[in-house]
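Presented below is the structure to which this report refers.
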Amino acid sequence: MSVTDAAKETHGSRRSQWRRLDSLFAGSGPTILAPPVYRGRQWPFLALVLAVGCVVPLAFGGDPYHDGLLIQALTSAILALGFFWCFGFGGQFTFAVFAMYAAGAYVSVWGAAHFGGFWSGLVLAMVVTAAIGGLTRLVFVKLAPIYFAIATLAVGELLFILFRQWTSFTGGYNGVSSIAVPSVFGFRLGTPHRLYYLMLGVLGVFLAATVALVRSPAMRDLIMSRDHGPVAATAGLRPRHLTLIAFMVGSAMQGAAGSLYAHSSSFFSLESFSVDISLSVLLMVLLGGMDSVYGPVIGAAVVVYLPELLRSAQKYSDLFYAGLVLLIVVAFPGGVAGVRGIAGRWIQRARSH
Amino acid sequence: MHLFIPILMSGLTQGSVYALIALGIVLLQNATGVINFAQGDLMTLGAYVGFWWIVQRGGGQVLMYLVMLIALFAAGVVLERVGYAPLRRRPPLVIVISTFALGLAIRSALILWQGTGPRNLPSPFGIRTVSVLGAAVPEQSVLTIGITIVVGAVLFVFFQRSAPGRQVRALAADRETAILQGIRVKRLSPLVFGLSSALAGLAGVLVGPELGVSPGLGFGLLLSAFAAVILGGERLGGVALSAVLVAVAQALATAYVSPNFSDAYPFLILVLVLAVRPQGLVRMVTGVRY
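If you're matching them up, the sequences are chains A and B in order. For the first sequence, the numbering used here gives the first residue as 1, with consecutive numbering after it. For the second sequence, the numbering used here gives the first residue as 354, with consecutive numbering after it.
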């Protein structure tokens with residue numbers, strides 16, 4: 001969405017409010033047009049998506065291997081949603097996703113062991129990663145986007161080196177094995193099948209938060225701050241605060257994904273985290289599309305299930321990913337969620353000729 | 354003190370390699386405005402081409418440099434055609450994403466070609482050493498430093514004396530004015546992409562005998578080169594100087610502070626410089642002169 005759209009929207013909604021008042025007093029008036037975002041039925045759609053999510057394991061799950069794939073898809077979806085908040089809402093590209101993921105995993109395991117259970121670990125992981133993300137953003141707030149991306153790559157690598165050397169906390173390459181099993185109201189979620197529903201719940205909460213933001217006036221402020229920071233400041237907004245908050249929320253979601261990954265596995269080590277995670281998350285978000293809240297979810301599902309479909313050509317998967325990123329960047333900037341728009345434009349062009 | 358000279362020499366060697374990568378990055382950035390995240394993987398490609406020519410084909414060392422330079426120049430031109438030309442008018446971040454993807458493509462293609470295992474690229478001098486101020490220094494180090502100095506001098510002459518060099522400098526100084534003056538950016542950019550990836554390949558061939566050749570070789574060094582680029586304030590001379598500074602600081606800190614964090618020091622320098630002086634240190638000096 002461009003700024004002019006956002007401005008139009010702001011304008012439109014104010015005017016429609018006045019019209020609504022006028023029509024109340026005068027008894028009649030022109031029909032009121034809601035801003036475009038209210039025309040979409042986001043809440044029913046979210047409910048539908050989650051309902052479909054509840055049924056999916058019946059079709060695709062069953063044995064531990066396929067349940068594991070489903071869990072992986074959900075963790076990736078949460079991670080990608082976190083990146084989407086940083087990049088799509090906050091406007092800041094970050095390479096530190098893999099480090100936030102690792103930090104979330106380690107902090108969560110530690111927190112669960114010391115403060116009683118999975119939930120405190122999850123909350124602690126989110127708080128810590130939000131703090132790291134916020135601090136990174138604050139320290140490098142003056143940098144141009146590209147240099148900020150380089151800075152996040154350096155911060156991510158530094159965190160990785162810290163985790164490698166701090167073996168008393170992380171176990172280094174030997175890994176962590178005593179990991180608390182999540183439980184809800186005393187109900188142990190020991191199997192992948194049960195963990196799936198826990199993750200679906202967490203993803204649902206995060207998606208609900210995202211939808212709530214998209215439908216709120218804060219989204220207009222955020223778009224203005226992201227795309228035209230100095231102008232937004234003259235309009236009385238606080239661009240740095242808004243983008244900082246988006247970045248912190250995104251980092252916290254990445255940390256939550258790390259925490260969920262950690263507690264769904266009986267063992268993990270430093271080998272699980274590498275900068276390649278950042279690239280595959282970028283691929284997920286690009287593939288799913290930057291224009292839709294569900295882009296990261298679609299992208300995560302595709303990226304996790306693609307190697308399954310291409311089982312015979314597994315060794316070409318990285319090459320394929322890279323080619324796919326290029327193809328998307330060059331030809332389909334909107335990703336899967338944007339294909340509808342591109343197809344619509346092609347049809348229009350064909351008609352006009 | 355008896356350790357100081359070897360540490361300094363290894364720092365200088367490493368610095369030469371950083372400088373070659375960083376010069377490629379800055380050259381490209383000045384001419385096209387692109388920050389190339391595939392630079393590290395181009396360097397790996399160079400090392401593998403060298404390995405292929407010497408070990409698998411049994412070719413000669415001197416001819417290897419020629420083959421490698423031609424191959425990498427061609428790779429750079431392909432990179433420009435695929436990853437930059439279609440995206441010229443898009444935001445810089447999109448081009449960064451595309452170079453990042455191309456880097457991954459190169460890395461995975463190399464794994465398909467040569468496997469993931471580390472390879473050993475023989476040095477033209479074997480493991481012979483020379484004595485520098487009483488310290489034994491591998492001849493490969495001397496070669497690395499020497500070639501870097503020669504390349505630096507050639508680049509300096511190229512930028513001062515030749516027409517394409519002057520055009521690149523004009524683009525760096527003021528892109529829009531340069532284009533208004535009729536500089537053909539579209540013709541210049543394949544040349545600069547080729548040149549910069551040839552520099553990366555040279556770095557790969559020079560560092561290969563010391564570090565061993567593996568698919569992750571270049572990406573690990575890329576961030577250190579970025580440290581040099583940012584510290585040097587995006588000027589060729591400043592970047593070469595700060596590449597050496599970064600590497601010497603890294604070597605000294607590894608020896609005297611802690612060897613465990615050896616790979617962290619360049620990143621630490623990068624983070625500190627970006628946080629404190631985003632415009633680089635060298636620009637501070639030139640700022641006084643104006």
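Glycine residues also receive a C-beta, built at the ideal position from the N, C-alpha and C atoms.
Annotated as distal: LEU584/B and ILE536/B, with beta-carbon spacing of 9 Å or more. At a cut-off of 9 Å between C-beta atoms, ALA424/B does not count as an interface residue with respect to chain A. Within chain A, no residue has its beta carbon less than 7 Å from that of ASN389/B; the closest one is some 11 Å off. Restricting attention to TYR147/A, SER76/A, ALA125/A and LEU69/A, the CA atom closest to the CA of GLN92/A is found in TYR147/A. For TYR261/A, not one C-beta of chain B is nearer than 9 Å to its own C-beta.
Sequence-distant partners of SER363/B (beyond 5 residues in either direction) whose C-beta falls short of 8 Å from its own C-beta, in its chain, are SER494 and ALA604. Closest in alpha carbon position to MET421/B, among LEU548/B, GLY505/B, LEU564/B and LEU381/B, is LEU548/B. For PHE140/A, the residues of chain B that pass the 9 Å Cβ criterion are VAL624, LEU627, ALA628 and PRO631, in the order they occur in the chain.
Using a Cβ-Cβ cut-off of 9 Å, GLU271/A does not count as an interface residue toward chain B, since no Cβ of chain B sits closer than that to its own.
Interface criterion met: the Cβ of PRO445/B is under 9 Å from a Cβ in chain A. Ranked by how close their Cα comes to the Cα of ARG522/B, the residues PRO477/B, LEU496/B, ILE464/B and LEU381/B have LEU381/B in first place. When the five nearest sequence neighbours on each side are left out, the beta carbons in the same chain lying within less than 6 Å of the beta carbon of THR210/A are those of VAL293, in order along the chain. Distance from the CA of PRO44/A to the CA of ALA51/A, rounded to the nearest whole angstrom, comes to 10 Å. Shown here, PRO307/A sits in a helix according to DSSP, grouped into three states. Judged by beta-carbon spacing, ILE245/A lies beyond the 9 Å limit of LEU79/A, meaning their Cβ atoms are not closer than that value.
Neighbours of ILE161/A across chain B, judged by C-beta separation under 7 Å: PHE614, ASP616 and ALA617. With a 10 Å radius around the Cβ and a threshold of 16 neighbouring Cβ atoms, CYS54/A comes out exposed.
Around the beta carbon of PRO192/A, a 10 Å sphere encloses 16 or more other beta carbons of the protein chains shown; the residue is thus reported as buried.
In the structure shown, the three-state DSSP call for SER183/A is strand. With a 10 Å radius around the Cβ and a threshold of 16 neighbouring Cβ atoms, ASP318/A comes out buried. DSSP places VAL483/B inside the beta strand (DSSP E), whose first and last residues are 482 to 485. When DSSP states are grouped into helix, strand and coil, VAL566/B belongs to the strand group. Counting along the chain, VAL599/B sits inside the alpha helix (DSSP H) bounded by residues 589 to 609. Collapsing the DSSP output to three states places ALA489/B in a strand.
Following the DSSP letters along the chain, one finds ASN383/B inside the alpha helix (DSSP H) bounded by residues 357 to 385. By the C-beta criterion, the stretch 368 to 385 of chain B is judged to be in contact with the stretch 551 to 570 of chain B, since at least 3 inter-stretch pairs fall below 8 Å. Under the 10 Å beta carbon count, ARG220/A is surrounded by 16 or more other beta carbons and is classified as buried. Rounded to whole angstroms, the gap between the alpha carbons of LEU200/A and GLY133/A is 24 Å. Judged by DSSP secondary structure, ARG220/A falls within the alpha helix (DSSP H) whose first and last residues are 217 to 227. Out of VAL56/A, ALA77/A and LEU48/A, the CA that lies nearest to the CA of VAL297/A is found in ALA77/A. Scanning its chain for C-beta atoms nearer than 7 Å, with the 5 sequence neighbours on each side dropped, one finds around ARG164/A the residues GLY172 and LEU270, in chain order. Residue-level contact check: VAL449/B touches chain A, since one or more beta carbons of chain A fall below 9 Å from its beta carbon.
In the structure shown, PHE572/B adopts helical secondary structure according to DSSP, grouped into three states. Excluding sequence positions up to five before and after LEU286/A, its CB lies within less than 8 Å of the CB of GLY299, VAL325, ILE328, VAL329 and GLY335, all in the same chain and listed in chain order. For PHE45/A, the secondary structure class from DSSP, reduced to helix, strand or coil, is helix. Nearest CB-CB separation between VAL329/A and chain B: below the 9 Å threshold.
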